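Reading through the structure tokens given below for one structure.
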Amino acid sequence: MRMTGENSSGNSEITMDDVKNLIKKKDDIEEQIKAYYDVLEDQGVGVEGPLVDAEGFPRADVNLYQIRTARHNISCLQNDHKAIMAEIEEALHKLHAREKAKRERDEAEAHVEAMEQQVTLPPPFARVDAVTQGSPACRAGLSVGDEVTEFGSVNTQNFQNLQNIAAVVQHSEGVSFGSNPLVEQ
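Residue numbers 504 to 688, in our numbering, belong to the letters of the sequence shown in order.
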């Protein structure tokens with residue numbers, strides 16, 4: 504009992520509806536099997552109970568045709584059940600593999616997008632040549648070779664000369680800064 508139509512090809516997309524349809528078929532098969540077991544129970548025999556009496560003659564107290572038909576149908580339906588369970592398993596594997604691949608692809612795209620949107624620092628407008636021990640620059644974490652991209656209100660866009668930085672320092676004398684100058688180390 505294989506999937507038919509467009510779902511039987513390896514390239515087709517398995518959907519949740521396909522899986523639900525397979526599960527419905529499985530449930531229908533299980534109902535039929537139960538109905539045939541009920542027939543056997545009503546007759547007072549099981550799947551393997553004897554259909555002949557102690558002398559080897561067919562039992563007269565049971566409907567032999569109905570029992571043999573029920574046993575045969577149970578056997579066939581159990582094979583169908585096994586096949587549909589294999590189909591459900593395969594469909595679930597495909598469905599989850601596709602979802603996993605989609606999730607990984609989405610995560611990769613999000614990562615690439617985040618990397619593209621990542622803020623790049625503007626080009627530096629000054630390089631630190633010397634830092635005196637104990638100075639505010641030293642306490643701010645500046646070290647020789649650092650490149651300054653922003654200092655207070657001075658940045659690459661409005662920097663003209665070092666007088667701009669001196670003006671920011673003079674206006675900030677005695678003021679504690681919460682953050683360091685923006686530097687590339």
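Just so it is clear, CB atoms sit at the ideal spot from N, CA and C, and this is done for glycine as well. Quantities reported herein were computed from a predicted structural model and do not represent experimental measurements.
Per DSSP, E590 is one residue of the alpha helix (DSSP H) stretching across L567 to Q620. Counting of Cβ neighbours within 10 angstroms places V548 among the buried residues, the total reaching 16 or more. For V555, the secondary structure class from DSSP, reduced to helix, strand or coil, is strand. With contacts defined by Cβ atoms closer than 8 Å, I517 and I577 do not form a contacting pair. Going by C-alpha positions, D583 is about 44 Å away from A613.
Boundaries around V651 are those of the beta strand (DSSP E), E650 to F654, since no alpha helix (DSSP H) includes it.
Excluding the 5 residues flanking it on each side, R630 has same chain C-beta neighbours closer than 8 Å at G648, D649, E650 and V651, in chain order. Looking at the DSSP output, A629 shares a beta bridge with V651.
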